[in-house]
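K.L.:
The structure's right below; bear with me while I get my questions together.
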Amino acid sequence: MRNGRTKTGMRAVVVVFPGSNCDRDCYRAMKAATGTEAQFVWHRESSLDRCDLIVLPGGFAFGDYLRTGAIARFSPVMNEVIRLAKRGVRVLGICNGFQVLTEAGLLPGALLRNRDLLFVCRDIHMKVEKVWTDFTNQYERGQVLRMPVAHGEGNYTIDDAGYRELEANGQIVFRYCAPDGSMNASDAPNGARGNIAGIISREGNVLGLMPHPERMSEPLMGGEDGCGIFESLLSAITA
Amino acid sequence: MTEKRLETKPSIETLLRENGLTREEYDRIVSLMKREPNALELALFGVMWSEHCSYKNSRAQLRKFPVTGPQVVQGPGENAGVVRLDGARSNDRTCVAFKMESHNHPSAIEPYQGAATGSGGIIRDIFAMGARPVALLDSLRFGDIDAPRTKTLVSGIVAGVGGYGNCIGIPTVGGEVVFHPSYRGNPLVNVMCVGLVDEDRIFKGNASGVGNIVMVVGARTGRDGIRGASFASEELSDADPDKRPNVQVGDPFMEKLLLEATLEVLDMDLVVGLQDLGAAGLTSSAAEMAGRAGNGLYIDIDKIPLRETGLEPWEIMLSESQERMLLVVESSKVERIEAVFKKWDLTATAVGEVTGDGRFTIRRGTEVLAVVPAGLLTDQAPVNIRPWREPAWFRNRIPASHSALKNYGDWTGLLKKLLASPGLASKRWVYEQYDHMVGINTVVRPGSDAAVLRLPEGKRGIALAIDCNSRYVYLDPKLGGAIAVAESARNVAASGAKPLAITNCLNFGNPENPEIYWQFVKATDGIAEACMEFSTPVTGGNVSFYNEYDGRAIHPTPAIGMLGVLDDVESHVTSAFKGEGDVVALVGRTLEELGASEAHFLLTGRDEGIVPALDYDKERRLHAFLVEGAQRRLLASAHDCSEGGLAVALAESALQGGLGVFLEWKDDVSVAAALFGESQSRAVISISPDKWEATETLLKKHRLSHIRLGRTGGARFSLRCNGMPVIDCEVAELARLWNDAIPEAMK
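Protein sequences, first through last, are from chains A and B.
Note that the first sequence covers residues 1 to 239 in the numbering used here.
Note that the second sequence covers residues 1001 to 1747 in the numbering used here.
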């Protein structure tokens, strides 16, 4: 074990906000998929030990009565997350974690209330648009993944210029689609612009997505389509 | 209700009325206390002796329930029941804590908050036992979907259930949604919470150890929900929007903090006893904790953290502000507890002390405001055995004519109507608003007969279901009560789990009406008998009376929450057909039973007829077959055959699996009964052809009759019975009707 890395070679932390509720799920799924035993980090910590991956899990970080993620970005740990992200550490934001990343300015755009104003929890399909990223290198280009969503505010939005930029830079990593891979606006469970389910930072080290890969990482849970994200990270980090 | 009330000395009659006490109860209080109570003391008696807290009208009947068994670790009387998963074997210490509670009246007045705080209250009951909550289920009942206000209630209550569970991160994995005119104006919101706890780590609500410190933790106390317990013990009427201040407001984020902080201090072994602050707030928690330990305690109300100024002592003592707990701790541990709660941004405040005098004392600084022997509040409430009377119609009941159903002719049309009726239509619109996967333990999601969860460690799993056909209970309370237990056990067994124990929520009208009380007595007789027969003891539950709106009672609704266990969670079975060419069979016998059926109600709008018979022995053998069939991996699917009969059960399995069927069979009952009769102890199974022989052998072993109906496959739902084509249509068309009915109605 070099530099305190686990034997599988990835040092991961899961940030715990008071209202995080997918923190343990992320831990379990990462362990099942890659053998990585992540460390939990309380949101009041202002510095992190050396790590390769920071996961911002799903949940309702501070109850999210105001706007999802709006308070979480002021947690002491977020300064450190921003600092490390700028130095290239990989950051994965899932659901509420994605919302926090947009609030913290690490990813562009914002997540509004779902198109029909109802919370939605079900399996969706999404297409892997980019396989060059550290988060998707184990998938095939155009691969259709089945993955659960569970959110009230997953309606990704961004202005025209920002959208063009995302497309031009290849930052749109996942888009909602039909099971056969075809794509209509109605395939997005929340009305997201361009069916965006997940995007990556320009530098390629920060990824946010609304679907929950950790809920689809074991056959007993309905499938393993989510494992690829954790396996891709492991492969990128230990390469 | 004015704040000055206590100072201006109103008449005894006024005080009694305001506290919901009768003159006889007052006389009983005076004789027990050997003096006249002061106004604050009377207020304590008012809430503690309310039906909601004291079960004074139900206690005598609840004693009939079987409450013991090798699996029972904690029966009724604590915050929640606890059962061991491996029965008497003791090598595994994993236990399940579970309980169900109603929040009907608050939800009728303020749907979102009523439903949300219903979830909040039962979740606290579970973690008060030291258990980590892992699942919620909800039994929701509404008036007919087109009745005024139904849609408002549905969207508000569903959003409230989801809003609370989703935020706190406990999956809502199942339950039921029922529509019937009897629930107009008085919807039912019954929430069941399930948690896991190691047998050595179970905590109880005991205020033991004289000199120990009493702490209030969590949210501050405000004026909300004052007298909620008394409000729950009255009937509803049109004037009730005025009661909105009686409804508490929930804060699931606060509850999440309280949950984590509480489990943390329990883990650190800092707590002697604890209880949530629910109905009747501080009063009931403190009195019950002292009562159970045979101790006394005092509370200094000056120390209680308040959300607003100017609260009167009685308001503080009766407030039902949410997200609070009462802890009893050794004095040396107070500081460490404060530190943990501070980490979670919560207050933990020492407010009193356990005493050896057996008295519940309320002080303000050094001034004593009330002193009542704790046991008087908790154990000495009158036990009323209400008079009951069998209604004349029941004595003289005659079988209903089912000519409307028998002569209907268009069976395909009738099936379509049933699938498009809100009671039988897909509930996806509801459960997709609930996060049913958080925690990554949900192996079988909502929509099947029971939810199945894996346990964090080991191979085992648990199955959970809530059931009650209230039409049966209305028409024949004893048989209906027994069938509610049988059906919830069947749901669990169809999932491959052995039924283990139940909790319940007994929703009835006004018990002072002898015909309502007759329903209660008979339904509890039926539940007690069935629980005995199935060896599924009652571990706790809740009684909700006075479910009436403008003088009309709801259908009696004893909802049964069943817990089952799977030795290997991977052997679970769902109700969906799985593959083309599988054999489809009906297990159990169909009798000429059309009474009390969903189809009859749909065609006539009437609840009438003879409720289908229940044979315990047959039912038990069916459960044993389903569990063994699952364990031996014989069954591709299994589905309870209930409301809507065989036709609806087959359609549900086909629609969930996205597969057609071609079935052809003979039976010695009418086509109407074969398709839509609701004979008990039946299930629809599908089996891969190579396993059919072994399945037949197993059916024989369990002495169960069966009919091999045909095969799955194709895009049509095609049924031929007694040589005639009876139902034939595209699966896609049925799917559209079944899927769209509720979303369309809710638009």
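Glycine included, each C-beta is placed from N, C-alpha and C at the ideal position.
All of these numbers come straight from a predicted model, not from anything done at the bench.
(1) Around the C-beta of residue 1361 of chain B, are 16 or more other C-beta atoms found within 10 angstroms, so that it is buried, or is it exposed?
(2) Could you check the C-alpha separation between residue 1452 of chain B and residue 1172 of chain B for me, to the nearest Å?
(3) Note down, in chain order, every chain A residue with its Cβ under 7 Å from the Cβ of residue 1437 of chain B.
(4) Should residue 1513 of chain B be flagged as near chain A, meaning a C-beta pair shorter than 8 Å?
(5) Who are the Cβ neighbours of residue 114 of chain A in its own chain at under 8 Å, not counting the five residues just before and after it?
(6) Secondary structure at residue 1079 of chain B, three-state DSSP: helix, strand or coil?
(7) So is residue 228 of chain A in contact with chain B if we call contact Cβ pairs under 8 Å?
(8) Could you check if residue 1158 of chain B is buried or exposed, using at least 16 other CB atoms within 10 Å of its CB as the buried criterion?
(9) Count the CB pairs spanning the stretch 1039-1054 of chain B and the stretch 1361-1372 of chain B that are closer than 8 Å, and state whether there are at least three.
(10) Could you work out which residue in A/61, A/28 and A/38 is closest to residue 44 of chain A when comparing CA atoms only?
(11) Tell me the start and end of each unbroken alpha helix (DSSP H) in the stretch 1023-1092 of chain B that is at least 4 residues and wholly inside, in chain order.
(12) Please state the DSSP three-state secondary structure of residue 1417 of chain B.
(13) Please decide whether residue 21 of chain A counts as near chain B, where near means a Cβ-Cβ distance under 8 Å.
(14) Any Cβ of chain B within less than 8 Å of the Cβ of residue 221 of chain A?
(15) In chain order, what residues of the stretch 1341-1361 of chain B put their CB closer than 9 Å to some CB of chain A?
(16) Taking Cβ positions, are residue 1694 of chain B and residue 1634 of chain B nearer each other than 8 Å?
(17) Give the interface partners of residue 18 of chain A over in chain B, defined as CB-CB distance under 8 Å, in chain order.
(18) By the criterion of Cβ-Cβ separation under 8 Å, what are the contact partners of residue 1433 of chain B in chain A?
(19) Going along the stretch 1450-1461 of chain B in order, which residues come within less than 7 Å of chain A, judged by CB to CB distance?
(20) If you measure between the beta carbons of residue 1268 of chain B and residue 1218 of chain B, is that distance less than 8 Å?
(21) What first and last residue would you give for the beta strand (DSSP E) that runs through residue 1193 of chain B?
(22) Sort B/1588, B/1649 and B/1206 by Cα distance to residue 1598 of chain B and report the nearest one.
(23) Which residues of chain B have a Cβ atom closer than 8 Å to the Cβ of residue 69 of chain A, listed in chain order?
(24) Rank B/1390, B/1667 and B/1422 by C-alpha distance to the C-alpha of residue 1142 of chain B and give the top, closest one.
(25) Give a yes or no on whether 8 Å exceeds the smallest Cβ distance from residue 1510 of chain B to chain A.
(26) Taking the CB atoms as reference points, tell me whether residue 1378 of chain B and residue 1288 of chain B lie closer together than 8 Å.
(27) Between residue 1258 of chain B and residue 1323 of chain B, is the Cβ-Cβ spacing less than 8 Å?
(28) Against chain B, with Cβ distances strictly below 8 Å, would residue 225 of chain A count as a contact?
(29) When you compare only the Cα positions, how much space is there between residue 1002 of chain B and residue 66 of chain A?
(30) Residues of chain A with a CB under 7 Å from the CB of residue 1570 of chain B: which are they?
(31) Decide if the stretch 1161-1180 of chain B is in contact with the stretch 1431-1449 of chain B; the criterion is three or more beta carbon pairs, one per stretch, under 8 Å apart.
(32) Report yes or no: is there a C-beta of chain A within less than 8 Å of the C-beta of residue 1440 of chain B?
(33) For residue 1658 of chain B, which residues of its own chain have a beta-carbon under 6 Å away from its beta-carbon, when the five flanking residues on both sides are left out?
(34) Taking the C-alpha atoms as reference points, what is the distance between residue 1743 of chain B and residue 1459 of chain B?
(35) Relative to chain B, which residues along the stretch 98-112 of chain A have a C-beta separation below 9 Å, given in chain order?
(36) Can you tell me which residues form a DSSP beta bridge with residue 90 of chain A?
P.N.:
According to the structure data:
(1) Buried is the call here.
(2) If you take the alpha carbons of residue 1452 of chain B and residue 1172 of chain B, they lie about 12 Å apart.
(3) Going along chain A in sequence order, the residues near residue 1437 of chain B (Cβ under 7 Å) are 121, 148, 150 and 215.
(4) No, residue 1513 of chain B does not count as interfacial toward chain A.
(5) So the list reads 120, 151, 152, 153, 154, 155, 189, 190 and 191, once near-sequence residues are dropped.
(6) Coil, per DSSP.
(7) Chain B has no Cβ within less than 8 Å of the Cβ of residue 228 of chain A.
(8) The residue in question, residue 1158 of chain B, is buried, as its Cβ has 16 or more Cβ neighbours within 10 Å.
(9) Yes, the stretch 1039-1054 of chain B touches the stretch 1361-1372 of chain B.
(10) Out of A/61, A/28 and A/38, A/61 has the C-alpha closest to the C-alpha of residue 44 of chain A.
(11) Here the runs fully enclosed are 1023-1033, 1039-1048, 1051-1054 and 1059-1062.
(12) Residue state for residue 1417 of chain B is assigned as helix, using DSSP reduced to three classes.
(13) Using a Cβ-Cβ cut-off of 8 Å, residue 21 of chain A counts as an interface residue toward chain B, since at least one Cβ of chain B sits closer than that to its own.
(14) For residue 221 of chain A, the answer is yes, since a Cβ of chain B falls inside 8 Å of its Cβ.
(15) If you check each beta-carbon in the stretch 1341-1361 of chain B against every beta-carbon of chain A, the ones closer than 9 Å belong to 1343, 1344 and 1345.
(16) Cβ distance < 8 Å, so residue 1694 of chain B and residue 1634 of chain B count as in contact.
(17) Contact of residue 18 of chain A with chain B by beta-carbon distance below 8 Å involves 1253, 1256, 1257, 1260, 1344 and 1345.
(18) In chain order: 118, 119, 120 and 121.
(19) From the stretch 1450-1461 of chain B, only 1454 have a Cβ closer than 7 Å to chain A.
(20) No, Cβ-Cβ distance for residue 1268 of chain B and residue 1218 of chain B is not below 8 Å.
(21) Counting along the chain, the beta strand (DSSP E) containing residue 1193 of chain B begins and ends at 1188-1198.
(22) Residue B/1649 is the option with its Cα nearest to residue 1598 of chain B.
(23) Going along chain B, no residue has its Cβ under 8 Å from residue 69 of chain A, so there is no contact; the nearest lies around 14 Å.
(24) Selected option, being the one with the closest Cα: B/1422.
(25) No Cβ of chain A is located within less than 8 Å of the beta carbon of residue 1510 of chain B.
(26) Result yes, Cβ atoms of residue 1378 of chain B and residue 1288 of chain B sit closer than 8 Å.
(27) Going by C-beta atoms, residue 1258 of chain B is nearer than 8 Å to residue 1323 of chain B.
(28) Answer no: the Cβ-Cβ gap between residue 225 of chain A and chain B never drops below 8 Å.
(29) Reliability fails at residue 1002 of chain B, whose pLDDT of 41 lies under 50, so the model's placement of it is uncertain and no value is given.
(30) Residues of chain A passing the Cβ test: 220.
(31) The stretch 1161-1180 of chain B, when compared against the stretch 1431-1449 of chain B, does touch it at the 8 Å Cβ threshold.
(32) Chain A contact via Cβ: present.
(33) Same-chain partners within the cutoff: there are none.
(34) Each residue's alpha carbon lies about 38 Å from the other.
(35) Here the close residues number zero.
(36) The partner list for residue 90 of chain A (beta bridge, DSSP) reads A/53.
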